[in-house]
Amino acid sequence: MGRPFFNYSIVQLEAAYESNRNDQNFLKGLLEELEHRTTARADKLAKDVLTSIDYLDSSAEKTKDSFELQPEAPKVKTEPVEINDFILDVDLEIPKFETQQRPVIANKPEDVLSSWIALEVFSPQTFKRPEDLAGGDRRLIVPLIGNQLPWVGEVEKSRPKYQLFYHVILGTIDMQKAIAGLLPIYSDERIERPPATGEAIIASLVLDQKGRLVEEGCIGISSFAWGLNHAFQGNLASLGDWPKVEKVVTEQLMKALLPYNQQNENSSAITLDALNKTLNALVKAFKIPPEFLKSNPFALRAYEYYKNDSPEPLLLNSFFVSDLAEARKLFLEKKAPPILKKYLRVETPTSRINLLDDTAKLEESVAPRMAPLARWPGAGRHPLVLLQQAAVNLAFNTLKKDSGILAVNGPPGTGKTTLLRDIVAGLVSDRAEEMCKFDDPATAFTFSGQKLKAGTAWLHLYNLDSSLKGFEMVIASSNNKAVENVSAELPGINSIAADAVDLRYFKSLSDNLLERDSWGLIAAVLGNAGNRFRFKQAFWWDEDTGLARYLGEANGTPQLIDVIDPETGKVTGTRKPRIVIEENAPSSHVQAISNWNSARNEFQIAVEESKASIEQINSIREAVLALPKLVKAEREAKEALDVAVVSETEVLKELNKLLEVRDVLDRKLKATEAVGKELLQRRPSFFSRLFNSKKYQDWKEEYDTHLLVLKLARKEFNGIKSQVHTSEEKYKNRQESRGRLAQNYQKTYQLFKARNTTVEQARLRLKSHLIDTGFFAQERQQIHITSPWFDNSIQSLRDNVFIKAIKLHKAFIAAAAKPLRNNLNVFTQLLGGLRFDEKEKLSLLPDLWSSLFLVVPSVSTTFASVRRMMEDLPPGSLGWSLIDEAGQALPQAAVGLLMRTKRAIVVGDPIQIEPVVTLPDTMTKRICKHFGADPDKYNAPEASVQTLADSVTQYFAEFETNGGSRAVGVPLLVHRRCDEPMFSISNAVAYSNLMVPAKQRAQSKIRDLLGPSRWIDVQGQAVDKWCPEEGEIVIDVLKRLKAASIYPNIYIITPFVIVADNLRRLLIDSRILDSWVDEPFKWPYERIGTVHTVQGREAEAVVFVLGAQMTQQNGARAWAGGRPNLLNVAVTRAKEVVYVVGNKELWKGAGLFKDLSRRL
């Protein structure tokens, strides 16, 4: 057999032992390696390993129903549980509150929160082995048997500089039996139910070294233990009273246990008899069925630094109950923060915009003016594509000023983390702009008047200027791996462009914190107590790379470390800490201000360059948007001019005709007048006229006739003359109108020509980045892979803003070293367990948190750790929640974080793995209905953080499926992870074929050896859902890979727990992994599992083992193929190739597996 630990140093072997001391198979492999070692340390370690193996062999019990098959460590040996009537002197009285009449389903926020509280009553913390409660360290477990109590007689000693406390566990409940007991009352219609395993603690006490209860917060009581009887009685409405019940019962126990409390001057050490009586009192009061009880009292040692207070009680109940109760109180008091009102649908958007239908709104959302000035200079400096950029822009423009929620729908491989990186870059740069307003960064802090004693000195607490708040980023998820991956990826050296050599930010500290190469301290993993401890030790207290050293130097206090001779142990000199040298710390405030001024100038120049370039591109967009209108205006102006020319011509023709007529009539008039003159010359003499002679009479008749003709001629001439005048005016008006229209046409044409020239020149420069009127008429793939508006030169300017913003932050920190050092010193103590009691100091918690975020822009946590990490932080104290894998999270899980932040970007996918719920589904639905909440909207697994966010976000998309339409948040559609056929399978079963592929085909040694993706048809025997013949196929696949010396970069996954368990056993027994992978004992647990265990992960290949070979297992197969989630996640873990192992004839009729069978 090979030696898998051959290259391990003794230090690594010791660490591996500490991490895997409960894993028998691992220990046996480790012992085989130590047999080859001859050093004293190796010999000592071998003895420890052998002792652990013997201990496990003698008393271990195998877990019966678990997702993981790790050997279970020994139970604490206690006397059998006995319930008797001899209890505390005072019986516990469980309060009963008036049961409200069952409300109609109105989905009031307080009712929804009550239903969630009730559900969380049945979500206790559980353990499989006592040492699970102590971080796996069995040495901290203290059996409580007879009079062998560690605080009786000779008191157990503590460690140097530490106080010793004890967590006493007062009995436990067997979770498997308890949940099974509920099933006859509340049937569970699910085919594959998540197993309920382990033990739930009934109650716990915190004792000091002498066995006395500490003064405050020393009792923890299980909501699950209390709620069980209510569930058995069908009294679900009372479950919402748990917060009040907990308070009353705790007070009664404190009173009953007063003789053993430090507050009592005559207190004595608590006895085992008193502990058993306390347990019996709780069992009787809570009416816990005796058959559910499992372990009697035992204790855990807890070591607290001598300056710290006593530890808090163990967390027995749901992580979320307290925050849910607080949120409910805020709603009842009309004080709920805006973000919670939106999350619980109290406030909804007045209108919703479907970005896939409304292309005008989509175009507007990617307008250059909407984009942040900065972006993340990622590896290869690849830009965001259309919908990624839309999501970032909408986040900054819709959430920046007001509280709110933006949901982003991220199918597998569509760049969710890439999007989040640009959010981080944008917010860091926005805060940098605010920083620039301070000539001296130290003036951004003002002394609050509050101080904290630190030895012989004082730490002063400072308020931070409000302009620098609101940029804090908390990255959260229900999935530990997801948040740690994001937080580890952001600072990683591979997350930035190789040529971004100027982008470095406390690299020495970040490298030490991450224990690998990084570019800077952009993110940190917080959350649970272990993470917080590791962070504060590396971030603050490390003498070589801790920030305290840097700030001390920048504040003018020289930092020196003694150089110790390793042989003599004597001091041979001094040296500067690495962080001071490698980060080029200023040696005084004066130097820090000089650096600040330089960094501020560089940043402001970068900002102005980015602004100018974006404004220029925005003017191009305006030209593009204006062009259709200008084309129309130019066409209309030309048409109007043409009409005017025609009209002018027609009027001129009419005028000319009138002039001709006028000339004729003029000549006629003149001729008539000439006749008149001639007649007058022939007028008879005076006497002829006097005597009215015949001659005169003839002449007069002729003359009168002439006068009549003359009158008519003059009238006719004057008429035509008037018409000519009118026509001349009309012609003049037409000329003027045509002139104006000609000028307008020329102006419109020139404007169109100028804009068109601008657009065409921009088209030559921007190429496919330009979004014009024909953009959305292209093929869908071309539309969605487009990076809108910004070419490489502009992206480079945006990159530079972020780079200079990071430099500015570093200079700001150094120049504000004095107040920041005080605030961060206190903050790290808060991470270590320090609690403020005074109201004045509590009001400074937001300032202390914001001080951390000035240095570390983003931190990660699971939802489960929010309450303990941020318990006293008031609502709306922090800026942003960035929630990842939200489709996996219970809807109630996010309440505590949302309550403490102003804005949220919720990223996930409801068509991947849903929240895991162990309670029977009929029970959870009944609980919701009892409190007036619609289970379809608010009850997991149908509801999740993602579905709630999707329902209240203003911008959304809709997927039409065979089962109806599904509305989600801003959709990300460009898929870059999976090759065919995985992409097409996922796209068809889950995304209505709306995703577009963008993966570059890569080399795959596994595919080259095993062939393309296919269905390996197996028809075998079955034990439950496990088919041994399918297992043999998996072994054969691995054998072929091993023979070809190809590393097994694969996941072996299955729909069913029993199949995963058997696959692990098969691999471990085969020992095929020996001398092949680095850690053969861990590989089966990390690479084999149900589909639910691999969300967020990817590998070169996936082997999808179906199981359920029995003909009558139609229900199990229908469950697996009934919804797209499971199949979608399964195939999209594979980047290059997938192999499906199972009975094709049986499975191809199982819902969506029909699509799988058609493609394989």
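Per full-length UniProt numbering, the sequence shown starts with residue 1, numbered consecutively.
Think of the CB as a built atom: it goes at the ideal place given N, C-alpha and C, for glycine as much as any other residue.
- DSSP places SER587 outside any beta strand (DSSP E), giving it a letter other than H or E.
- Going by DSSP, SER881 is part of no alpha helix (DSSP H) but of the beta strand (DSSP E) stretching over 878-883.
- In this structure, VAL895 and PHE122 do not form a Cβ contact; the two beta carbons are roughly 17 Å apart against a cut-off of 8 Å.
- The count of Cβ pairs closer than 8 Å, one atom from the stretch 1117-1134 and one from the stretch 1144-1155, reaches three, so the stretches are in contact.
- For GLY719, the enclosing alpha helix (DSSP H) starts and ends at 694-766.
- Looking at the backbone, the Cα of ASP402 and that of LEU873 are separated by about 20 Å.
- In the three-state DSSP reduction, SER478 falls in the coil class, being neither helix nor strand.
- Fewer than three beta-carbon pairs drawn from the stretch 381-397 and the stretch 755-768 are found closer than 8 Å, and the two stretches are therefore not classed as touching.
- Cβ contact annotation for SER1045 (same chain, cutoff 7 Å, sequence separation greater than five): none.
- DSSP places ARG926 in the uninterrupted alpha helix (DSSP H) bounded by 921-930.
- Straight across, the Cα-Cα distance linking ASN756 with ALA623 is about 8 Å.
- DSSP places ARG821 within a helical segment (H, G or I) once states are collapsed to three.
- For GLN450, the enclosing beta strand (DSSP E) covers residues 445-454.
- Counting along the chain, the unbroken beta strand (DSSP E) around LEU300 starts and ends at 298-305.
- For VAL866, the three-state secondary structure derived from DSSP is helix.
- DSSP places ARG683 in no beta strand (DSSP E); its state is neither H nor E.
- One thing to note: GLY1096 has its Cβ no nearer than 8 Å to the Cβ of ALA529.
- DSSP places VAL283 in the uninterrupted alpha helix (DSSP H) bounded by 272-286.
- Between the alpha carbons of SER187 and SER222 lies a distance of about 24 Å.
- In the three-state reduction of the DSSP assignment, HIS975 falls in the strand class.
- 8 Å or more divides the Cβ of TRP880 from the Cβ of THR862.
- Each of ASP544, LEU1156 and GLU120 was checked against the Cα of SER510, and the nearest Cα belongs to ASP544.
- As DSSP reads the structure, GLY404 sits in a beta bridge with ARG903.
- Leaving aside the five residues that flank GLU553 on each side, the residues in its chain whose CB is nearer than 7 Å to its CB run, in chain order, GLN559, VAL580, ALA585 and SER587.
- Of all C-beta pairs linking the stretch 188-199 to the stretch 339-353, fewer than three are shorter than 8 Å, placing the two stretches out of contact.
- Segment contact: the stretch 470-487 against the stretch 515-530, three or more CB-CB distances shorter than 8 Å; contact assigned.
- LEU848 is positioned such that its CB atom lies no closer than 8 Å to that of VAL866.
- Annotation for PHE775: no alpha helix (DSSP H) segment contains it, and DSSP assigns it neither H nor E.
- Rounded to the nearest whole angstrom, the CA to CA distance from VAL1077 to PRO566 is 37 Å.
- The alpha-carbon of TRP226 is positioned some 12 Å away from that of THR250.
- Within the DSSP bridge table, the entry for HIS460 names LYS451 as partners.
- For ARG966, the three-state secondary structure derived from DSSP is strand.
- Membership of THR1090 in the beta strand (DSSP E) is indicated by the continuous run 1088-1090.
- By DSSP's assignment, ALA325 forms no beta bridge with any residue.
- Between GLY1142 and VAL1057, the C-beta gap is not smaller than 8 Å, which leaves the two residues out of contact.
- The criterion of a C-beta distance shorter than 8 Å is not satisfied by TYR166 and LEU213.
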